[in-house]
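FYI, the working numbering numbers position 2 of the sequence shown as 7, with every residue one higher than the one before it.
All C-beta atoms in this analysis are idealised placements derived from N, C-alpha and C, irrespective of residue type, glycine included.
Structure first, then comments.
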Amino acid sequence: MDAMPLPKSWNADQILNDLDQHGFALIDDAYSSEYTQALLEECTSHFNQFRDAAIQNGVMSQIRSDHILWINDELKIAQQHIDYLNALSEQLNQAFFLGIQEVEAHFACYNAGEFYALHRDNPQQKNGRLISTVYYLHEEWQEDWGGELRLQDKNEQWHVIAPKPNRIAIFQSDLLHEVIQAKQQRLSITAWLRSRSSIW
Ligand code: OGA
Ligand code: MN
């Protein structure tokens, strides 16, 4: 079966090489302006369904203050992004034998003052998350608006990654990272490429 092609702006060789060397990669200008507009519109038109990410099973945690909406089949525009991430997963599986089987994703909204403290997305290798991706979908981001992704790469070097509109950050889910407090509303889609196996 032929795999779906990646968007032209995604340089698969570069992504695979950067992931191999550093454990993370960036894609800038990921999508057409028509698509990014449609995605932003789909996100903002569902704001009333976003929930506090800090509350899980009725328990409040202090480590994050953003708001999220899990993406299902009804969110048709976001689903296309997930289709592309599935295509990327096939390439990652071929190159690194990662065994990625599915993609789980949510929209995230950080209002001014919100953050996500230092964490790993797969702290005990239990949730099947192998690769984390974050797509930034706000229209503008200025240097002094905070909201950076701070990430320790696989060689223990720290990087401060601006949430540039239309950028995708891709990194190993076991790497330590945080979202610095944002000074403006910051919109994204976090998606995890994961194996279906999990011990839950
Ligand atoms: C996450 C996360 C980083 C970002 O959602 O787990 O770390 O830049 N996001 O939004
Ligand atoms: Mn994270």
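Review point. Residues bridged to C114 by DSSP?
Key: H72, L192
Check your understanding: At a cut-off of 7 Å, is A174 close to the ligand OGA when judged by its beta-carbon and the heavy atoms of the ligand?
Key -> yes
Point to revise | Residue from S14, L24, Q190 with nearest C-alpha to N98 | key: L24
**Study point:** H143 and L156 closer than 8 Å at C-beta
**Key:** no
Practice item. Kindly list the residues whose CB is nearer than 6 Å to the CB of D126, restricted to its own chain and excluding five residues on each side of it in sequence; keep chain order. Key: R134, S137, S178
**Study point:** Closest Cα partner of K13 within the set N53, D34, H182
**Key:** D34
Exercise for review: Could you round the C-beta distance between H86 and I194 to whole angstroms and report it? I think they count as a contact, below 8 Å.
Suggested key: 6 Å
Check your understanding: Is H182 near the ligand MN, with its Cβ less than 7 Å from a heavy atom?
Key -> yes
Point to revise | Where A8 sits in the DSSP three-state scheme | key: coil
**Study point:** C-alpha distance - E46 paired with E39, whole-angstrom precision
**Key:** 11 Å
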